[in-house]
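Structure first, commentary second.
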Amino acid sequence: MVRAVIALPSTVALRARLKRFGPLSGQRTWWALGGCLVLALVLRAPYLSTPLGRDEGGIAYIARNWPGGHGSLYGAYWLDRPPLLVGLFKIAVLGGDRGVRVLGALAAVALVVVIALLARAVAGPRAGRIAGLLAALLTGSASIGAVYTTGELLAAVPSTLSVLCLILAHRSRQARFVFSAGALAVGAALIKQSFLDAGVAGVAFVVVSAALNRDVRLRWPLAYGAGAAIPLGALLAWLAAAQQPLGGFIYALFGFRLDLLQTLAASDIPLHVRLASLAEPALRSGLVLAVAGAVVGLRHLRGDRVLVVTFSAWLAAATVGVLGGGSYFVHYLIELVPVSCVVAAVVIASARAQTRVAVLGVFTAVALTTAYAGAVYLAHHPPRRPELAVAHYVRDHAQPGDTQYVMYARPNVLYYAGLPSPYPYAWSLMVRSMPGARAQLQRLLGSTRRPTWLIQWQDDDRWQLDPGDRMDRLLARGYRLAAIVCGHPIYVRNDRAAPPRVTRSGCRGSGGLGSQHDVVHARLSPPRLETGASPR
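For the sequence shown, this note's numbering assigns the number 1187 to the initial residue and increments by one for each residue that follows.
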């Protein structure tokens, strides 16, 4: 009885806030949201001209050449990513590097708006403003890779929109919001397959709502399933039109992950070391504070069982999405940003004014200090100079019809060099994990279809990929060393004339084998694989 009496005021207050939800109005709210959007863009500004990273460049390379060729979901190249991600990059890459960066900026702005709307729907205007601030700081954080155009950032937008539709359905009792939530949840997974969090939250929402309310027991499960069926039906139609088997699609998105985890289990970097690599960026970005606030904030939702179950499921599924990746790159942490910002904002908004100011002040100080340090470092250490220098060398000396391969991987070099590749796997983990990938590479290098240009980014026996030294023999038979750029040997087919000695400058001060003279030419040298090449 006592518990019921205590819980009643919080339930009434929560429902009262939900009734006040509506479109953003009032000068204070508009100014607050506008300030959050400006902050998110300012934090991203130093990185707008940064060259594309490995994943960005690799996906952009595949998207630019898709459709083209045959043999996989994306033509001539194999990729373990869903089609909506490649489609978004296909549009963005029309604007080149800047187009990809603009895509990331648009996603960040949209995510800030949706997070603010969702928090406002749950706990009122104050929570919306707080969530907008937290989201702006985290979507502009270089520590978790949010300033780049990652699949996680793009998928977070429909994922968060899906949960917003669930809350709107909870408020209005309208099935159309449940329908939209189902479609958006599947859409998020079709951008990044690890983003099943909105789907888990949606299933939890529908189940608990049906259990508590007989009126929606049939309508809402049907509406959610119908919404999810729309993008799934479009996916099946695309697979049929592309004459691609459903089994191949499932393997690319999920089966390959299992092969990858087996490969990583045998890595010389232990699991706990890879997992611990997420701790520092989570601390430096302030995400740890937001997650801690979200855990506490779930208790503030306990007056409404539908909300507490939905957000608990969302947080749990997002955590599994981060921890299930295996490689544990920092951008995995972006999946925790939406749910952490929303639920943390709920508890912060309910605190006293002094507490709110103190908590938000600490969070802002941590995030901005890290952002400033990152911008200063970026100004003094421009990234990816070796990749650009190597790609420019190949592009400057290539002839029509030339092809390329980076051993064993640097996908952004492929993008910037701009030549097609006869080998379908652009990432080293694909070479290491895909059945038959190594044998396919060796057959290619021993054939007349071998690439015109071969850039050595890793040693041939890196990850024990060539224990019998067959790669050495294939390179000695089919290639000559053309140049060493930024410490990376570049080979050209031995049936091609050697490139001229004069070329543009490479990467100054890279510290590689060729750093003293930027570009070192070796017109007649036989292939000799360098063991000092970068391991990544």
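We put the beta carbon where it would ideally sit given N, CA and C, even for glycine.
Computed from a predicted model, the values in this text were never measured in an experiment.
- Spanning the alpha carbons of aspartate 1241 and leucine 1447 requires a straight line of approximately 18 angstroms.
- With a cut-off of 8 angstroms on Cβ pairs, the segment 1320–1332 is in contact with the segment 1543–1557, counting three or more such pairs.
- With a minimum length of 3 residues, the unbroken runs of beta strand (DSSP E) contained wholly in the segment 1596–1658 fall at 1639–1642.
- Here DSSP, grouped into helix, strand and coil, assigns serine 1327 to coil.
- The criterion of a C-beta distance shorter than 8 angstroms is satisfied by isoleucine 1301 and valine 1528.
- Runs of the alpha helix (DSSP H) lying entirely within the segment 1313–1386 and spanning at least 4 residues, in chain order: 1337–1358, 1361–1375.
- With fewer than 16 other Cβ atoms from the protein chains shown falling within 10 Å of its own Cβ, arginine 1485 counts as exposed.
- With at least 16 other beta carbons inside 10 angstroms of its own, alanine 1218 counts as buried.
- For histidine 1674, the secondary structure class from DSSP, reduced to helix, strand or coil, is strand.
- Under DSSP, the beta-bridge partners assigned to valine 1592 are Ile1641.
- Minimum Cα-Cα distance from glycine 1221 among the listed residues Gly1318, Pro1269, Pro1311, Gly1243 corresponds to Gly1318.
- By alpha-carbon distance to leucine 1487, the top candidate from Ser1498, Arg1460, Val1477 is Ser1498.
- Between the segment 1438–1453 and the segment 1266–1275, the count of C-beta pairs closer than 8 angstroms reaches three or more; the two stretches touch.
- For alanine 1669, the secondary structure class from DSSP, reduced to helix, strand or coil, is strand.
- Residue state for serine 1463 is assigned as coil, using DSSP reduced to three classes.
- When secondary structure is reduced to three states using DSSP, glycine 1261 falls in the strand class.
- Around the beta carbon of threonine 1556, 16 or more other beta carbons lie within 10 angstroms, which makes this residue buried.
- By the criterion of at least three beta-carbon pairs nearer than 8 angstroms, the segment 1415–1423 is in contact with the segment 1360–1376.
- When the beta-carbon positions are compared, isoleucine 1670 and tryptophan 1639 stay at least 8 angstroms from each other.
- Distances from the alpha-carbon of alanine 1565 to those of Thr1236, Arg1214, Leu1227 put Thr1236 closest.
- Ranked by Cα distance from valine 1298, the options Ala1226, Arg1357, Ala1341 are led by Ala1226.
- Rounded to whole angstroms, alanine 1452 and tryptophan 1649 show a C-alpha spacing of 10 angstroms.
- The three-state reading of DSSP puts arginine 1403 in coil, since its state is none of H, G, I, E or B.
- In the three-state reduction of the DSSP assignment, arginine 1570 falls in the coil class.
- Our two residues, glutamine 1590 and glycine 1622, have alpha carbons roughly 20 angstroms apart in a direct line.
- Looking at Leu1289, Val1228, Pro1572, Arg1682, the one whose alpha-carbon comes closest to that of leucine 1600 is Pro1572.
- In the three-state scheme derived from DSSP, where H, G and I count as helix and E and B as strand, arginine 1679 is classed as strand.
- One Cα belongs to valine 1228, the other to valine 1477, and the distance between them is close to 24 angstroms.
- Counted as a single uninterrupted DSSP element, the stretch harbouring serine 1453 is not any alpha helix (DSSP H), since DSSP gives it neither H nor E.
- Under the three-state reduction of DSSP, leucine 1484 is assigned to helix.
- Ranking Pro1253, Tyr1263, Ala1332, Leu1238 by CA distance to the CA of valine 1286 puts Leu1238 first.
- Following the DSSP letters along the chain, one finds glutamate 1242 inside the alpha helix (DSSP H) bounded by residues 1240–1250.
- A buried status is given to proline 1344, since no fewer than 16 other beta-carbon atoms sit within 10 Å of its beta-carbon.
- The C-alpha of proline 1637 is placed about 14 angstroms away from the C-alpha of alanine 1612.
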